[in-house]
Amino acid sequence: MKRKDIGCRHTMPVQPTDIIGTYNEDGTADFAPITWVSHTYVDDEEPWIVISMWGTKKTKRNVQRTGQFSINMATTGMLQLVDYFGSSSGKNGAKNALPYTYSSASVAAAPTLDESPWVCECEVMQSVQTGKSDTFFCKVLNVQIDETFEVEEWGVDLTKLDPVIYSGHYQSVGKYLGTIGDFYSP
Ligand SMILES: Cc1cc2nc3c(=O)[nH]c(=O)nc-3n(C[C@H](O)[C@H](O)[C@H](O)COP(=O)(O)O)c2cc1C
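Its first residue numbered 126, the sequence shown is counted upward by one per residue in my numbering.
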């Protein structure tokens, strides 16, 4: 194989399409897609979520004010909501041009989208500002999953959850391939 240089832009071709739920000052909900989401370990316990937000969006202001939010995995059936939430801002009023319902998270002070089969409730522990971006390091307070799904020791079969992958475009998950150790064991 011979590779070609394509510049610095396409650094993260596989991103999760997560819809972040926050509460506004008046207690109404705001939702916005954020795909700059990853995780890290701080100690030996549970992973922390790392999430980055650019500019002055309402979601960022809400996270800075409340310190808590929900991550709602977007499935392929939720693409219209992703596009809508991503092309409108809570700064201009409630996002109610499309029908959707939400509930309160189990632990975090945040709204959760009823349509999402996987939800992660988070609390900000630390944040770092780099230019116009703020990156939040967050403890996971709770994870919810559609009760019809099996949760194995290693996680969940994504072909059944059907998440949207963001690569600059929207894509979906293909085949289930196996787990660590299925392809090589020393
Ligand atoms: C697919 C998609 C991915 C996005 N990912 C991010 C992201 O990772 N970080 C970010 O700051 N904004 C991201 N955005 C932009 C916000 O969703 C957008 O600015 C939204 O209008 C913010 O709404 P709010 O002001 O109600 O928070 C993304 C938008 C789309 C459509």
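We put the beta carbon where it would ideally sit given N, CA and C, even for glycine.
The structure displayed is predicted, hence computed values, not measured ones.
Buried versus exposed, by CB contacts within 10 Å (16 or more), residue i
i: L302; result: exposed
i: A222; result: exposed
i: Y309; result: exposed
i: S258; result: exposed
i: S213; result: buried
i: V253; result: exposed
Beta-ladder partner(s) of residue i, from DSSP
i: C133; result: The partner list for C133 (beta bridge, DSSP) is empty, contrary to what the question assumes.
i: H294; result: Per DSSP, none; premise fails for H294.
i: M178; result: D259
i: Y148; result: A154
i: Q140; result: Y291
i: M198; result: D143
i: Q251; result: F262
Candidates the options, of which the one nearest residue i by Cα
i: D155; options: G215, K129, T181, G256; result: G215
i: V232; options: Q254, M203, E248, V298; result: E248
i: Q269; options: S228, V289, G293; result: S228
i: I174; options: N187, D307, F194, V289; result: F194
i: K185; options: D168, P224, I144; result: I144
i: E150; options: Q189, M250, E277, E272; result: Q189
i: E240; options: T191, T255, P224, K220; result: P224
i: Q330; options: V167, V276, I131, V244; result: In the structure as shown, the chain starts at 126 and stops at 311, and residue 330 therefore has no counterpart that could be examined.
Beta-carbon separation (whole angstroms), residue i vs residue j, contact threshold 8 Å
i: K182; j: A199; result: No, K182 and A199 are not in contact; Cβ-Cβ is about 17 Å, not under 8 Å.
i: P141; j: P288; result: 7 Å
i: T147; j: Y291; result: The Cβ separation is near 20 Å, so there is no contact.
i: P242; j: L286; result: 6 Å
i: V162; j: I131; result: Going by Cβ atoms, the distance from V162 to I131 rounds to 24 Å, so no, they are not a contact pair.
Below-8 Å beta-carbon distance, residue i vs any chain B residue
i: V139; result: Among the protein chains of the structure shown there is no chain B, as only one such chain exists.
Boundaries (first-last residue) of the beta strand (DSSP E) holding residue i
i: K264; result: 258-270
i: L238; result: 236-238
Residue range of the unbroken alpha helix (DSSP H) whose run includes residue i
i: T284; result: 283-286
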